[in-house]
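Taking it in order: structure first as structure tokens, then the write-up.
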Amino acid sequence: MMPARKEYTLYRTRWVQLLLFCLSTCVNAALWTTFAPISTDSSSFFFPESKKVESVAINMIALVYQILYLPGTLMASYLVDKGGGLRSAVVLGTSLTALGSAIRWVAVVALGGCTSSYCLVLLGQMMCA
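In terms of the numbering used here, the sequence shown opens at residue 153 and continues consecutively.
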């Protein structure tokens, strides 16, 4: 004897939620690799006093994502499971991405190029990750 088939209800708002999640993921991915393709220009912007190219420091901006992936995944899994569900985890992640982006913007646009602005960009990148 076969079990009875379940009827699923489709909600149009789920497509909107999926679209917002996809947009948030795309923004996060764009922030991940912002400085890596232009590492020479970025290093001369953040380290103008240095004669040699600080490519390791610029690559560290992108590498922060891989370093924080495991702790972030564990924290997100805990938040989804025990801290309020998927919605609260996505809202928190998107809010941290927005805050990290704002910190990066302030570091690059408002402070200009210097070593302290690099530190703020790295902090903003950690918030985005």
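Glycine is no exception: its CB is placed at the ideal position from the N, C-alpha and C atoms.
Could you spell out the range, first to last residue, of the alpha helix (DSSP H) harbouring GLY245?
On the sequence shown, position 93 is the one that residue 245 refers to. Run containing GLY245: 238-257, per the alpha helix (DSSP H) assignment.
Contact criterion: CB-CB distance below 8 Å. Does TRP167 meet it with respect to chain D?
This model lacks chain D altogether, as it is built from one protein chain only.
Tell me whether ALA156 sits in a helix, a strand or coil according to DSSP, three-state version.
Translated into the one-based positions of the sequence shown, residue 156 becomes position 4. Coil at ALA156, not helix or strand.
Considering only the beta carbon of each residue, do GLY276 and GLY252 sit closer than 8 Å?
Translated into the one-based positions of the sequence shown, residue 276 becomes position 124. Translated into the one-based positions of the sequence shown, residue 252 becomes position 100. Taking 8 Å as the cut-off, the beta carbon of GLY276 is found closer than this to the beta carbon of GLY252.
Which whole-angstrom value describes the C-beta separation of MET286 and LEU274, a residue pair presumed to lie in contact below a C-beta threshold of 8 Å?
Because the chain is modelled from 153 through 281, residue 286 falls outside the range shown and cannot be assessed.
Using 8 Å for Cβ pairs, my map puts LYS173 next to TYR270. What's the rounded Cβ distance?
Position 21 of the sequence shown, counting from 1, holds the residue named residue 173. Position 118 of the sequence shown, counting from 1, holds the residue named residue 270. The question names Lys, but residue 173 in the sequence shown is Phe. So it is not a contact: roughly 31 Å between Cβ atoms.
Which residues mark the beginning and the end of the alpha helix (DSSP H) in which PHE187 is found?
Reading the sequence shown from its first residue, position 35 is the one you call residue 187. Per DSSP, PHE187 belongs to no alpha helix (DSSP H) and is neither H nor E.
Between SER247, VAL232, GLN218, ALA259, which has its C-alpha nearest VAL179's C-alpha?
Along the sequence shown, one-based indexing puts residue 179 at 27. When only C-alpha atoms are compared, the closest one is SER247.
Apart from the five residues just before and just after ALA254, which ones in its own chain have a Cβ nearer than 8 Å to its Cβ?
As a working mapping, residue 254 is identified with position 102 in the sequence shown. Excluding residues up to 5 positions away in sequence, GLY276 lie with their Cβ nearer than 8 Å to the Cβ of ALA254 in the same chain.
Is SER194 closer than 8 Å to PHE187 when the C-beta atoms are compared?
Here residue 187 refers to the residue found at position 35 when the sequence shown is read from its first residue. Here residue 194 refers to the residue found at position 42 when the sequence shown is read from its first residue. A contact, by the Cβ cut-off of 8 Å.
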